[in-house]
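The block underneath contains the structure these notes are about, expressed in structure tokens.
In the numbering used here, the protein residues as written are 43 to 240.
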């Protein structure tokens, strides 16, 4: 988003216009309609010139929209798993991120596509999942070596985001419920193989 435009002049009106753009985009994504600046402007009931004052393209809108979503809160996840065994805590972290991915699937897909196709080196993926897992292991002793912990973190990240959802649905042809169950089963088997103990 073009922050310099929002910060100048009538801030409340500009924030309302921005919110209308994001809401129109969200609704179009939910309907799985292809995005264009013109279509978003039309659904937001603003002019094409106005939308370009706020955003340069649909990718920048999608990125801003994803940032507005309620990404799983690390402190809440940790609070809910204080007295939980490590395997159960990791599965709980996975569930939080998978639930987020399924709930916001179309926006997450658009965001992923924008990041992968961008030539802007500043446009990077978030580090939420890997940071959450590393923070968990920093506060909990396990039977794993440091190298094993890092490998477990990496493979766990693969099984708790939009990438695994896309693979399960698009490549394997699974519905949401079967995809979630299969991805969860995969991490359960990995954790069982690690023989993870406090």
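All residues carry an ideal CB built from backbone N, CA and C; glycine is no exception.
In this structure, residue 143 lies away from residue 228, with their beta-carbon atoms at least 8 Å apart. Per DSSP, reduced to three states, the secondary structure at residue 198 is helical. Taking every protein chain shown into account, the CB of residue 76 has fewer than 16 other CB atoms within 10 angstroms, so this residue is exposed. Separation of residue 95 and residue 110 (C-alpha to C-alpha, rounded to the nearest whole angstrom) is 19 Å. Using a 10 angstroms sphere on the CB of residue 197, the tally of other CB atoms stays under 16, which defines it as exposed.
Distance from the Cα of residue 132 is smallest, within the candidate group 99, 65, 184, 188, for 184. When C-beta atoms of the segment 230-238 are compared with those of the segment 171-188, three or more pairs fall below 8 Å, so the two segments count as touching. Here residue 78 is exposed: its Cβ has fewer than 16 other Cβ atoms, across all protein chains shown, within 10 Å. Taking the CA atoms as reference points, residue 92 sits about 17 Å from residue 104.
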